[in-house]
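Comments concern the structure below.
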Amino acid sequence: MTQSLWDEQWPAPAKLNLMLRITGRRDDGYHILQTVFQIIDRCDLLRFTPRGDDNIVMESSLDGVLDSDNLIIRAAKMLREIARGKNIDVPGLTIALNKILPMGGGLGGGSSDAATTLVVLNTLWNLQLSVDQLARMGLHLGADVPVFVYGNNAWAEGVGEILHPINLQQRWFVVLVPDCHVSTKTVFEHRALTRNSKSIKIDQLSANESYNDCLSVVVSCYPEVKRAIDAVDCYQEHGLTGTGACVFAAFNSEQEAIQAAQILQKNWTVFVAKACQLSPLQKKLSDLS
């Protein structure tokens with residue numbers, strides 16, 4: 003693979019859960035979901051640099067995350083084992099992460115970082131694994147990883163791994179980032195969490211688009227999220243993404259979104275993002291091929 007591709011920065015985009023219903027719980031404790039993944043153009047950025055030794059390391063560690071728990075390193079090591087099984091000699095790596103997406107925000111940043119690592123190293127190392135193979139590997143790292151591997155907006159079921167590509171309307175989102183880190187474990191273990199919502203079909207989505215079974219638990223445990231919701235509701239109906247802290251509102255034009263964001267940013271950390279039909283990662287790979 004050419005040196006120019008090694009020099010690239012690779013996007014790891016965020017997602018919004020436009021809807022999230024919890025319809026049951028498996029015997030192993032995992033929750034059975036229905037959700038809609040909307041990919042947006044807000045991204046972390048990763049760069050992979052070959053080393054002269056066999057180590058796979060981060061250029062700088064994430065606060066509160068051990069390298070042994072880092073999904074990026076785990077993804078790279080999984081692929082390295084595949085390479086060795088194919089008798090492909092691959093270098094060690096230094097991985098630089100420009101962390102733009104907030105941790106604990108429900109935007110899927112960690113899962114997206116892992117997916118970008120799988121997809122890009124598969125290309126850089128010329129492993130020739132299929133996207134289905136990469137998605138199956140990603141599921142071992144986290145339930146949200148496969149949607150980022152495929153790079154399409156999706157209707158998802160199961161624990162989030164049964165994906166059906168879906169066309170979503172072109173919109174702009176204002177996303178508020180409250181100053182708190184919501185623990186997915188805390189939300190999913192909370193005894194007040196709704197776990198028996200009625201399943202819906204894709205054609206029922208419009209009437210249930212902003213519904214999120216995690217909302218009541220998140221706002222009861224994290225008052226800052228409730229304040230963010232109240233702020234957004236002054237402009238547009240709110241949505242909560244996943245089990246995280248981030249609250250969003252959808253607008254039909256960039257101008258409307260920017261106008262709302264300019265007012266909200268006086269009191270909140272805010273960003274404006276564009277809905278993507280194709281992941282920025284997949285678009286970049288296509289443009290470079």
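So for the sequence shown, the working numbering puts the first residue at 3; every next one is plus one. We put the beta carbon where it would ideally sit given N, CA and C, even for glycine. All values reported here derive from a predicted model rather than from experimental measurement.
Beta-carbon spacing of residue i, residue j below 8 Å
i           : j           : result
residue 15  : residue 281 : yes
residue 151 : residue 160 : no
residue 19  : residue 214 : yes
residue 158 : residue 149 : yes
residue 69  : residue 60  : yes
residue 175 : residue 262 : no
residue 121 : residue 7   : no
residue 162 : residue 37  : yes
residue 170 : residue 40  : yes
residue 199 : residue 86  : no
residue 26  : residue 197 : yes
residue 77  : residue 137 : no
residue 187 : residue 110 : no
residue 168 : residue 204 : yes
Supposed contact pair residue j and residue i - C-beta distance, whole angstroms, cut 8 Å
i           : j           : result
residue 75  : residue 58  : 6 Å
residue 247 : residue 54  : About 41 Å separates the two Cβ atoms, so there is no contact after all.
residue 299 : residue 112 : The structure shown does not extend to residue 299, since the chain is modelled only from 3 through 291, so no value can be given for it.
residue 286 : residue 13  : 6 Å
residue 48  : residue 119 : 7 Å
residue 249 : residue 231 : 5 Å
residue 90  : residue 131 : Going by Cβ atoms, the distance from residue 90 to residue 131 rounds to 11 Å, so no, they are not a contact pair.
residue 44  : residue 275 : 4 Å
Straight-line Cα distance separating residue j from residue i
i           : j           : result
residue 50  : residue 222 : 41 Å
residue 265 : residue 94  : 47 Å
residue 82  : residue 92  : 7 Å
residue 177 : residue 273 : 5 Å
residue 3   : residue 100 : Any reading at residue 3 needs caution, since the residue's pLDDT is 42, under 50, leaving its predicted position unreliable; the model's value is listed next. Their Cα atoms are separated by approximately 23 Å.
residue 194 : residue 253 : 32 Å
residue 66  : residue 183 : 12 Å
residue 9   : residue 126 : 11 Å
residue 219 : residue 144 : 22 Å
residue 124 : residue 233 : 43 Å
residue 241 : residue 156 : 17 Å
residue 185 : residue 245 : 8 Å
residue 239 : residue 211 : 11 Å
residue 291 : residue 46  : 22 Å
residue 35  : residue 63  : 32 Å
residue 172 : residue 228 : 27 Å
residue 216 : residue 88  : 43 Å
residue 191 : residue 142 : 21 Å
residue 206 : residue 164 : 18 Å
residue 21  : residue 255 : 21 Å
Extent of the continuous beta strand (DSSP E) to which residue i belongs
i           : result
residue 49  : 33 to 52
residue 60  : 58 to 60
residue 251 : 249 to 253
residue 275 : 272 to 276
residue 13  : 12 to 27
residue 240 : Segment: none, residue 240 is in no beta strand (DSSP E) and carries neither H nor E.
residue 167 : 164 to 167
residue 158 : 156 to 160
residue 178 : 174 to 178
Residue i, enclosing alpha helix (DSSP H) - first and last residue
i           : result
residue 283 : 282 to 290
residue 263 : 256 to 266
residue 229 : 225 to 234
residue 188 : 186 to 191
Heavy atom of the ligand ATP within 7 Å of residue i beta-carbon
i          : result
residue 48 : With respect to small molecules bound, the structure shown includes none, and the ligand ATP cannot be examined in it.
key: 4 or more residues per run - each alpha helix (DSSP H) lying fully within the region 79 to 151   = 111 to 126 and 133 to 141
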